[in-house]
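Here the structure is laid out as structure tokens; the discussion comes afterwards.
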Amino acid sequence: MRVLADSLRARYLEKLGLENEFPEDGYQGDYIYEIAQGMIEEAGDGFQDAKQDIFRKRAQDAIFADIDITLKRIGISFDS
């Protein structure tokens, strides 16, 4: 999850036009850009100085929500 959080933070900063370094082992998928864009639409540069936990939770929540939508689409549901 650390690499996921670091990847999201790097893409978020990149989309803001700020200098940053993408992790060598970072996640390359377009979904990382989409999550970063959602954060920008929500708060602009308000997450610029956020801790890694914020980026981890945002990425985790977005990815699990997407998985949940996919499972529901194919008729699979889980009890909470």
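Residue numbers 2 to 81, in my numbering, belong to the letters of the sequence shown in order.
Here a beta-carbon is modelled for each residue, glycine too, at the ideal position from N, C-alpha and C.
Note that the structure is a prediction, hence the values are computed from the model and not measured.
Which stretch, first to last residue, makes up the alpha helix (DSSP H) that contains residue i?
| i | result |
| --- | --- |
| Tyr-28 | Note, Tyr-28: premise wrong, no alpha helix (DSSP H); not H, not E. |
| Leu-14 | 3-16 |
Indicate whether residue i and residue j have their beta-carbon atoms separated by less than 9 Å.
| i | j | result |
| --- | --- | --- |
| Met-2 | Ala-60 | yes |
| Arg-32 | Asp-69 | Correcting the residue type first, residue 32 is Tyr in the shown sequence and not Arg. Going by C-beta atoms, Tyr-32 is not nearer than 9 Å to Asp-69. |
Please determine, among the options, the residue with the shortest C-alpha to C-alpha distance to residue i.
| i | options | result |
| --- | --- | --- |
| Ile-36 | Gly-76, Asp-80 and Leu-5 | Leu-5 |
| Gly-30 | Glu-20, Ser-8, Phe-56 and Ala-66 | Ser-8 |
| Gly-45 | Asp-80, Gly-18, Phe-79 and Lys-58 | Gly-18 |
| Lys-58 | Met-40, Arg-74 and Leu-72 | Met-40 |
**Asked** Counting Cβ pairs closer than 8 Å, one from the segment 6-18 and one from the segment 38-51, do we hit at least three?
**Response** yes
**Message:** Within 8 Å, do at least three Cβ pairs link the segment 19-26 to the segment 50-67?
**Reply:** no
**Asked** Which ranges would you report for the alpha helix (DSSP H) in the segment 47-77 if only whole runs of at least 4 residues count?
**Response** If we require 4 residues or more, the alpha helix (DSSP H) runs fully inside the segment 47-77 come out as 53-74.
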